[in-house]
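Written below as structure tokens is the structure these notes are about.
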Amino acid sequence: EPLMKRSAAFFLALAEDAAPRLTEDPDSSRVLELDHDNFRSALRWSIDGGHAETALRLGTALWRYWMLRSHLAEGRKWLVEALALPSEDPTTAVRARALMALGSITYWQNDFAATGKHYAQALTIFRTLEDRPGMAEGLYNLGFIHLIERDSATARTFYEESRAIAQDLGDDRGVANTTWGLAMAALQERDLESAR
């Protein structure tokens, strides 16, 4: 047990350290592939032992790796198991981020109904916590789902709220993303001037 605890902590740190680089350098996922079995062992130990936070954090850190290396079904299974673990407090940022990760995996599986549900649950938690960066991301993600569903009016509502938070936080990337989203919503409505 102490050995597995140390091992899980080590591989959690490795996954969380690598996660931000996966967005900028998808090739860095090859390094994680070498330890995929170790991540599986850490997840299995965490879930079987009821170590919810470790399991949720691991799943969150690994979601983009699973997407890049075509392990979507496996990643979904792990996150569903982790999110099903009993928790003293169901409204934590860790849980909200795991729901966002699961929503992102189901998005890449083209299961948009599940994606919308997971993103909405995450946003509810972020709102409860008054976690403004989390709210901005959750609103953006939900806007994107409504855009895919060709509901541009609802998408615009989410993008506008997300953009206001991003501006308030000085988050240039968030402002850029939501500006793109608002342009896409305008395009759907054939409002080329606004889109421009």
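In this note's numbering, the protein residues as written are -11 to 184. Even for Gly, the Cβ is constructed at its ideal location relative to N, Cα and C.
With respect to the 7 Å criterion, Leu87 and Thr42 are not classified as neighbours on the basis of their beta carbons. Annotated as distal: Thr166 and Arg184, with beta-carbon spacing of 7 Å or more.
Residue burial is scored here from C-beta neighbours: Ser92 has at least 16 other C-beta atoms within 10 angstroms and is therefore classed as buried. Contact between Ala124 and Gly162 holds: CB atoms are separated by about 5 Å, below the 8 Å threshold.
Assigned with DSSP and collapsed to three states, Asn98 falls in coil, not helix or strand.
It is roughly 8 Å from the alpha-carbon of Trp54 to the alpha-carbon of Glu62. A residue is called buried when at least 16 other Cβ atoms come within 10 angstroms of its Cβ; Ser58 does not meet this threshold and is exposed. For Ala152, the uninterrupted alpha helix (DSSP H) segment begins and ends at Ser140 to Leu157. Residue state for Asp13 is assigned as coil, using DSSP reduced to three classes.
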